[in-house]
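The structure under discussion appears below in the form of structure tokens.
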Amino acid sequence: DGGITQSPKYLFRKEGQNVTLSCEQNLNHDAMYWYRQDPGQGLRLIYYSQIVNDFQKGDIAEGYSVSREKKESFPLTVTSAQKNPTAFYLCASSISTKNIQYFGAGTRLSVL
Amino acid sequence: AQSVTQPDIHITVSEGASLELRCNYSYGATPYLFWYVQSPGQGLQLLLKYFSGDTLVQGIKGFEAEFKRSQSSFNLRKPSVHWSDAAEYFCAVGAGLAADSWGKLQFGAGTQVVVTP
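From first to last, the protein sequence lines stand for chains Y and S. Under the numbering used here, think of the first position of the first sequence as 1, with each following residue one higher. Under the numbering used here, think of the first position of the second sequence as 1001, with each following residue one higher.
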């Protein structure tokens, strides 16, 4: 089945620790995105990538980093510089035009 | 840059009644418009989209939406709600192929729908 797989479903971070969220897609989409969701705030864009080896900051990139070494993978690292990391993180992908984004099931990150 | 407002944070509707969720956008050109639905703890599922053409678009699960340029609105409707429609609904606007916002969507804050028996 084609789709977007996010792992893990739940993740806990200790203070000062970096953690990495995985996002893999087998839809052959060029573009991939990371969003952060907080209650009552909708989705906010963290980073996006239009093509392999290229990515752009979104609206709330501080404290996060990404890489795009393969077309199907777009991991997100939440660094220790992100002081309020507790949120639901959603990965999405889209064909390069027409903006239809398809979403993974999300990762819930909490701080210990 | 584009923006989206969903005026209703929370709506309660009886099963079998009609539902309308409001969405207003701000964008200087013709936008791409979307409605997504999210069940608790899950990702977002696309209900329907508007790119061009007929301003009344049909989606999955019996939903439809109407694009009204004069009102900058893209309201979502369903004639008869089922208990399984209880979820959070997000409106989103995209700027299409504009160079500085390629591929980016701006999401509203969402409307939580509760369905009562």
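In this text, a Cβ means the ideal position worked out from N, Cα and C, and glycines have one as well. Treat the numbers as computed from the prediction; the structure is a model and nothing was measured.
Practice problem: Starting from the C-beta of Lys1078(S), find all residues in its chain whose C-beta is less than 6 Å away, skip the five residues before and the five after it, and write them out in chain order. | Solution: Within the same chain, Lys1078(S) has close Cβ partners Leu1019, Gly1062 and Phe1063.
Exercise. Note down the Cα distance separating Pro75(Y) from Leu11(Y), rounded to an integer number of angstroms.
Key: 14 Å
Practice problem: Could you name the residues of chain Y that Gln1147(S) contacts, counting a contact when the two beta carbons are closer than 8 Å? | Solution: Given a span of 1001 to 1117 for chain S in the structure shown, any question on residue 1147(S) remains unanswerable.
Quiz item: Buried or exposed: which applies to Pro39(Y), given that a residue is buried once 16 or more other Cβ atoms fall within 10 Å of its Cβ?
Solution: So Pro39(Y) ends up on the exposed side.
Quiz prompt | CB contact below 8 Å: Tyr89(Y) versus chain S | solution = Chain S has no Cβ within less than 8 Å of the Cβ of Tyr89(Y).
Self-check item: Residues of its chain near Arg108(Y), where Cβ-Cβ distance is below 6 Å and the 5 sequence neighbours each way are ignored
Solution: Tyr10 and Phe88
Quiz item: Candidates Tyr102(Y), Arg44(Y) and Val52(Y): which alpha carbon is nearest Thr5(Y)'s?
Solution: Tyr102(Y)
Quiz item: Do you know how far the Cα of Ser22(Y) is from the Cα of Thr8(Y)?
Solution: In the sequence on display, residue 8(Y) carries Pro and not Thr. Pro8(Y) and Ser22(Y): Cα-Cα distance of roughly 7 Å.
Self-check item: Nearest-angstrom Cβ-Cβ length linking Ser93(Y) and Gln25(Y), presumed shorter than 8 Å
Solution: 5 Å
Exercise. Using DSSP bridges, identify the partner residues of His29(Y).
Key: Partner(s): none; His29(Y) has no beta bridge.
Exercise. Tell me where the beta strand (DSSP E) around Thr107(Y) begins and ends.
Key: Taken as a continuous stretch (DSSP letters only), the beta strand (DSSP E) holding Thr107(Y) covers Thr107 to Val111.
Quiz item: Run through DSSP, which three-state label would Lys71(Y) get?
Solution: Shown here, Lys71(Y) sits in coil according to DSSP, grouped into three states, outside any helix or strand.
Quiz item: Residues in its own chain within less than 8 Å of Ala1099(S) by CB, not counting five upstream and five downstream?
Solution: Its pLDDT being 49, under 50, Ala1099(S) is placed unreliably by the model, and nothing is read from it.
Quiz item: Roughly how many angstroms lie between the CA atoms of Pro1007(S) and Trp1083(S), to the nearest whole one?
Solution: 23 Å
Quiz prompt | DSSP three-state assignment for Ile4(Y), whether helix, strand or coil | solution = strand
Exercise. Go through its chain and collect everything with a Cβ distance to Gln1106(S)'s Cβ below 7 Å, but skip five positions before and after it.
Key: Gln1002, Ser1003, Val1004, Ala1092 and Val1093
Self-check item: Top-ranked residue by Cα proximity to Tyr64(Y), from Ile100(Y), Tyr33(Y), Gln41(Y) and Ser96(Y)
Solution: Tyr33(Y)
Quiz item: Using a Cβ-Cβ cut-off of 7 Å (strictly less than) and excluding sequence neighbours within five positions of Thr1012(S), which residues of its own chain qualify?
Solution: Val1114 and Thr1116
Quiz item: Cβ of Lys68(Y) within 8 Å of Cβ of Val52(Y)?
Solution: This sequence places Arg at residue 68(Y); Lys is not what is there. By the CB criterion at 8 Å, Arg68(Y) and Val52(Y) fall inside the cutoff.
Exercise. Output yes if chain S places a C-beta closer than 8 Å to the C-beta of Tyr64(Y); else output no.
Key: no
Quiz prompt | Pro85(Y) versus Phe55(Y) - alpha carbon distance | solution = 21 Å
Self-check item: Beta carbon proximity, Leu1046(S) to chain Y, threshold 8 Å
Solution: Yes, Leu1046(S) lies at the interface with chain Y (some Cβ there is under 8 Å from its Cβ).
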